[in-house]
Amino acid sequence: MKTKKRVVVFGGSGFLGSHVCDALSDEGYAVRVFDKAPSPYLRRDQEMLIGDLLDAEAVRRAAHGCKVVYNFAGVMDIDESIRKPVETLHTNIIGNANALEAARQGGAERFVLASTVYVYSRSGSFYRVSKQACEQATETYHEEFGLDYTILRYGSLYGRRADMRNGIYRLLHGALTEGKVRYGGTGEELREYVHVEDAARLSVEALKPEYADLHLVVTGHHPMRVRDVMEMVREILQGKVRLEFSNEEVAGHYRTTPYTYHPRVGKKLVSTLYTDLGQGLLDCLTELRSQLASESAGPQPRPKRSARARG
């Protein structure tokens with residue numbers, strides 16, 4: 005019987021990380037999830053380790069025996085990085101260094117870093133700065149130690165398992181709870197939205213040999229104005245939603261494109277099969293309605309266990 009290739013996913017309990025774990029399991033990998041909190045999405049065929057990426061020894065143990073190391077851990081939100089600059093720089097840069105060293109010591113065949121399309125733009129604040137450092141450290145580990153890598157620069161993700169740190173989630177949450185969709189900008193800003201499940205599948209596809217030691221851009225197929233996405237939400241909800249814009253520049257975020265000239269150009273990784281934005285929004289609304297209904301119902305009494313179950 006062929007032994008499954010073991011993979012560790014740092015930050016595997018989170019929004020994107022948990023979907024990548026599922027995509028890896030679906031492709032037959034033995035998945036080890038490492039995160040500060042237990043994954044609510046953990047499957048029976050996945051292993052869970054609780055720990056902190058800043059704990060170098062715990063990270064080394066987690067990566068032991070793993071042929072592939074993914075790093076999705078750390079501060080991933082631009083607004084949070086502005087509020088917590090020191091924590092962002094320390095967590096993201098030192099945490100990634102620990103993951104790189106653990107991958108090197110453990111003899112990993114590939115290190116996969118979750119980065120951002122903001123990485124060589126003028127936007128992104130301290131989040132961008134931290135990811136620049138992480139990318140350069142990852143490249144240097146390859147140059148000095150031969151550790152192969154793939155850097156994935158993600159665009160605007162949306163989909164199930166998101167929370168209020170996610171732009172689409174915030175729009176939908178406002179629509180369902182307040183009857184209005186607020187956006188802190190003009191609405192003319194362009195984004196290439198990519199469904200998280202599509203991004204997860206591409207994150208596994210990136211393990212192919214031809215993607216070694218490359219920077220890959222994982223975004224949607226077509227740019228859309230934020231205003232148009234908000235109009236889609238209003239139509240889906242039969243016009244029962246007001247749209248509100250602050251008409252201000254959003255601190256740390258780009259308006260039309262995240263790109264400025266820089267020699268480290270990433271190749272765009274796309275799939276011919278992808279989730280339609282309208283269908284994706286409907287699915288997000290279905291999940292969010294269910295969450296809100298559960299919250300309004302309050303905690304439910306736990307069912308009594310049978311005598312057999314007490315053991």
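The sequence shown runs 5 to 315 under our numbering.
Every residue gets a Cβ at the ideal spot worked out from N, C-alpha and C, and that includes glycine.
Close beta carbons around Gly99, own chain, < 7 angstroms, minus the five adjacent residues each side: For the purposes of this step, residue 99 is taken as residue 95 along the sequence shown, with counting starting at 1. Short of 7 angstroms from the beta carbon of Gly99, and not among the five residues preceding or following it, lie these beta carbons of its own chain, in chain order: Leu57, Leu58, Ala77, Gly78.
Can you find the residues in the same chain that come closer than 7 angstroms, C-beta to C-beta, to Gln50, ignoring five residues on each side of it along the sequence? Here residue 50 corresponds to residue number 46 of the sequence shown, with the count starting at 1. For Gln50, where only same-chain residues beyond five positions count, the Cβ hits under 7 angstroms are Cys25, Ser29, Val35, Val37.
Taking Cβ positions, are Tyr162 and Phe115 nearer each other than 7 angstroms? Locating residue 162 in the sequence shown gives position 158, counting from the first residue. Locating residue 115 in the sequence shown gives position 111, counting from the first residue. For Tyr162 and Phe115, no; Cβs fall outside 7 angstroms.
To the nearest angstrom, how far is it from the Cα of Glu139 to the Cα of Ser119? Numbered from its first residue, the sequence shown carries residue 139 at position 135. Numbered from its first residue, the sequence shown carries residue 119 at position 115. Glu139 and Ser119: Cα-Cα distance of roughly 8 angstroms.
Collapsed DSSP secondary structure at Thr120 in the structure displayed: Within the sequence shown, numbered from 1, the residue matching residue 120 stands at position 116. Here Thr120 sits in strand by DSSP.
Pair within 7 angstroms by beta-carbon distance, Lys272 and Val221: By 1-based counting over the sequence shown, the position of residue 272 is 268. By 1-based counting over the sequence shown, the position of residue 221 is 217. Yes, these two residues count as a Cβ contact at 7 angstroms.
Is it a yes or a no for the segment 171-182 touching the segment 200-216, going by three-plus beta-carbon pairs under 8 angstroms? Taking 8 angstroms as the limit for Cβ pairs, the verdict is that the segment 200-216 does not touch the segment 171-182.
CA-CA distance, Ile240 and Leu292? Mapped onto the sequence shown, residue 240 falls at position 236. Mapped onto the sequence shown, residue 292 falls at position 288. Distance between the alpha carbons of Ile240 and Leu292: 14 angstroms.
My understanding is that Ala101 touches Ala67, with C-beta atoms under 8 angstroms, so please give their C-beta distance in whole angstroms. Taking the first residue of the sequence shown as position 1, residue 101 is located at position 97. Taking the first residue of the sequence shown as position 1, residue 67 is located at position 63. Ala101 to Ala67, Cβ: 13 angstroms. No contact.
Inspect the beta-carbon positions of Ala137 and Ile97 and report whether they are closer than 7 angstroms. One-based indexing of the sequence shown puts residue 137 at position 133. One-based indexing of the sequence shown puts residue 97 at position 93. If you check the CB distance, Ala137 and Ile97 come in under 7 angstroms.
Can you tell me which of Asn251, Arg186, Leu151, Glu192 puts its alpha carbon nearest to the alpha carbon of Lys71? As a first step, residue 71 must be located in the sequence shown, where it is residue number 67. Of the candidates Asn251, Arg186, Leu151, Glu192, the one whose C-alpha sits nearest the C-alpha of Lys71 is Leu151.
Gln283 to Glu148, Cα distance in whole Å? Locating residue 283 in the sequence shown gives position 279, counting from the first residue. Locating residue 148 in the sequence shown gives position 144, counting from the first residue. Each residue's CA atom was taken as its position, placing Gln283 and Glu148 some 46 angstroms apart.
Closest by C-alpha distance to Ile54, when choosing among Arg47, Ala62, Phe249: Counted from its first residue, the sequence shown places residue 54 at position 50. Per the Cα distances, Ala62.
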